[in-house]
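In order, the protein sequence lines correspond to chains X and H.
Per the working numbering, the first sequence starts with residue 1, numbered consecutively.
Per the working numbering, the second sequence starts with residue 128, numbered consecutively.
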Amino acid sequence: MQDEPTPDELIKAVADFLRNEIAPAIKGHNAFKLRVGINALDLVTRQLTLAQAADATEAARLKQLLGTDGSLIELNRALSEKIATGEVDLQTPGLADHLWQTTMDKLAVDQPNYASYKRELGDTSRS
Amino acid sequence: MIEAELTRCVASFHPGATGVSGTAKLSGGASQETWTFDIVHPSGNVGAILRRAPPGYGAAPSRAAGLDAEATLMQLAHDAGLPSPRVLHVLKPEEGLGTGFIMARVEGESIARKILRDEQFAKARPLLARQLGRVAAGIHGLPAAKLPKLRQMTATREIGDLEREYRSFDWPRPVFELALRWLRDHDPGPSAEVTLVHGDFRHGNLIIGPDGVRAVLDWELAHFGDPMEDLGWICVNSWRFGEIDKPVGGFGSREELFAGYEEVGRKVDPVRAMFWEVMGTLRWGVMCCGMMQRFRAGPDHSMERAMIGRRASETEIDLLRLLAPRA
Chain X
1 MQDEPTPDEL
11 IKAVADFLRN
21 EIAPAIKGHN
31 AFKLRVGINA
41 LDLVTRQLTL
51 AQAADATEAA
61 RLKQLLGTDG
71 SLIELNRALS
81 EKIATGEVDL
91 QTPGLADHLW
101 QTTMDKLAVD
111 QPNYASYKRE
121 LGDTSRS
Chain H
128 MIEAELTRCV
138 ASFHPGATGV
148 SGTAKLSGGA
158 SQETWTFDIV
168 HPSGNVGAIL
178 RRAPPGYGAA
188 PSRAAGLDAE
198 ATLMQLAHDA
208 GLPSPRVLHV
218 LKPEEGLGTG
228 FIMARVEGES
238 IARKILRDEQ
248 FAKARPLLAR
258 QLGRVAAGIH
268 GLPAAKLPKL
278 RQMTATREIG
288 DLEREYRSFD
298 WPRPVFELAL
308 RWLRDHDPGP
318 SAEVTLVHGD
328 FRHGNLIIGP
338 DGVRAVLDWE
348 LAHFGDPMED
358 LGWICVNSWR
368 FGEIDKPVGG
378 FGSREELFAG
388 YEEVGRKVDP
398 VRAMFWEVMG
408 TLRWGVMCCG
418 MMQRFRAGPD
428 HSMERAMIGR
438 RASETEIDLL
448 RLLAPRA
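Below, the structure written as structure tokens:
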């Protein structure tokens, strides 16, 4: 067992240092690149924090939809194939909900500030 | 640096030019570069842009129109009174600059976030969608007899290309599968009218001033096809930069775009335009995945490319909003 602090705590500390202390002192194209780098570290922190739970519920939904077992990528391959052949479509109970939930979980890691995501998040919490 | 070659070159088409100044590379991939510089002349300097494939890089990617065709299209657009830079010179092999052309530099802004937020564009923003409708109609109406040889695309062929590229990544994406399936099921068939299509009519390739559209750039993806493709592509959510309720580039409505288009005597097919908007959303998603591939394979092992790979999911939520909207 590895000791603390956890990877996400370490990366967050580095990202905060770069954001608060270094970024204000950098100009030009390197300032842009630094911002991209900080965004990447923030993304990794979110993935380390959120992905395990999201992957588990995604796998559970896929097993339910497909009636088979397998790794997450195997299950996604199987679903992709069924959508491609038309065996599964938006009329299939559970498919639209599954795709929406999976996509929302991806955006929560990839781009939580994306306007479409924020709009859909707002719509969910209102309903 | 390329100043010596440029100096010799500008003297040949701009009599009295004594040299060049302020030469700087604006962007450059492996095979194509864009440079900005001033032609120095006793009666006043002239801002210019060089677009070239450096010597040794002849072959363009298969989808590219080619730099000669780009120069021809830009000049035709200019001659037709469309907002387009004047082509000053087409490079000759003996000039040692590679293949490409030199055009007049049009001052203005091409960065979407500035165009959408800066005060100096506040008066232009409400005009842009209608203006761009007129510009698109002008492009689609350029005289066929004068156009260069370009690839011809149909919706069916584009779906096939996208599917092949997506499958080459070997990474399952159920939302992309759903979009491919939808596109095949809603393929409107060949367009009754085949015209010149700009192919990349969106933010980044448009120079905007406080007075509105000043230039359409980058004809690299020009082809013959369904004119509605350009109207769909400019409405893709990825080019709205947060202003998601203004489908045209984050500054206007489809109705304004379509009205501008029809002012010039051309007809809009809103169903086909929407089909191309879905296609364009998937296309940008596939392009994001392609960036990831190039990041992993090198030679461009940059953070920027890697992070664009993580934007593919943005197109997945946009595809779901288009194809499976929640009540």
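Backbone N, C-alpha and C fix where the C-beta goes; we use that ideal spot for every residue, glycine too.
By the 10 Å Cβ neighbour count, where 16 or more other Cβ atoms means buried, how is H:M201 classified, buried or exposed? buried
Along the beta strand (DSSP E) that carries H:R178, what are the first and last residues, could you check? 173 to 180
Which residues in chain X sit within 8 Å of H:D445, going by Cβ to Cβ distance? S116
For H:V363, which residues from the same chain have a beta carbon less than 7 Å from its beta carbon, with the 5 sequence-adjacent residues on both sides left out? These residues qualify, in order along the chain: E404, G407, T408, W411.
Below-8 Å beta-carbon distance, H:V302 vs any chain X residue: yes
Any contact between the stretch 288 to 295 of chain H and the stretch 433 to 440 of chain H? By contact I mean 3 or more CB pairs, one from each, below 8 Å. no
Please report the distance separating the alpha-carbon of X:F17 from that of H:A319. 59 Å
Strictly under 8 Å for the Cβ-Cβ distance: is X:Q120 near chain H by that measure? The amino acid at residue 120 of chain X is misidentified as Gln; the sequence shows Glu. Chain H contact via Cβ: present.
For H:P299, go through chain X and note every residue whose CB falls closer than 8 Å to its CB, in chain order. Per Cβ cutoff of 8 Å: I73, N76, R77, L79, S80.
Starting from the beta carbon of X:N39, find every residue of chain H whose beta carbon is closer than 7 Å, and list them in chain order. M434
Would H:V167 pass as a contact of H:A198 if the rule is Cβ separation under 8 Å? no
Where X:F17 falls: helix, strand or coil (DSSP): helix
Buried or exposed: where does H:G331 fall if 16 or more other Cβ atoms within 10 Å of its Cβ makes it buried? exposed
DSSP-derived helix/strand/coil call for X:W100: helix
Could you tell me whether the Cβ of H:A239 comes closer than 8 Å to any Cβ of chain X? No - not a single Cβ of chain X is within 8 Å of the one on H:A239.
My output table needs one value for H:D165: the three-state DSSP class, helix, strand or coil. strand
Got a sec? Which residues, its chain only, sit under 8 Å from H:R329 by beta carbon, not counting five neighbours each side? W360, I361, V363, W366, G376
Do H:A151 and H:T163 count as a contact pair if the criterion is CB distance below 8 Å? yes
Strictly below 8 Å CB to CB, what residues from chain H border X:G86? R308
Give me, in chain order, the residues of the same chain whose beta-carbon lies closer than 8 Å to that of X:R19; leave out the 5 immediate sequence neighbours on both sides. I38
If contact means a Cβ-Cβ distance below 7 Å, which residues of the stretch 362 to 394 of chain H contact chain X? Within the stretch 362 to 394 of chain H, the residues whose Cβ lies closer than 7 Å to any Cβ of chain X are, in chain order, N364, G369, I371.
Could you list which residues in chain H have their beta carbon closer than 9 Å to that of X:A54, in chain order? Correct list: empty, because the minimum Cβ distance to chain H is about 12 Å.
What are the start and end residues of each continuous beta strand (DSSP E) run of 3 or more residues lying completely inside the stretch 238 to 275 of chain H, in chain order? none
For the stretch 7 to 29 of chain X, which residues have a beta carbon sitting closer than 7 Å to at least one beta carbon of chain H? Here the close residues number zero.
Is H:L133 near the ligand FAD, going by C-beta to nearest heavy atom under 7 Å? No copy of the ligand FAD appears in this structure; indeed no ligand is present at all.
Using a Cβ-Cβ cutoff of less than 7 Å, which residues in the same chain neighbour H:T134 once the five nearest sequence positions on both sides are dropped? G146, V147
Taking C-beta pairs closer than 7 Å, name the residues in chain H that X:A96 reaches, listed in chain order. A451
Compute the Euclidean distance between the alpha carbons of X:Q2 and X:K106, then round it to the nearest angstrom. 28 Å
Would you say H:M430 faces chain X, with C-beta separation under 8 Å as the test? yes
Quick check: the Cα distance between H:R438 and X:A51, rounded to an integer number of angstroms? 17 Å
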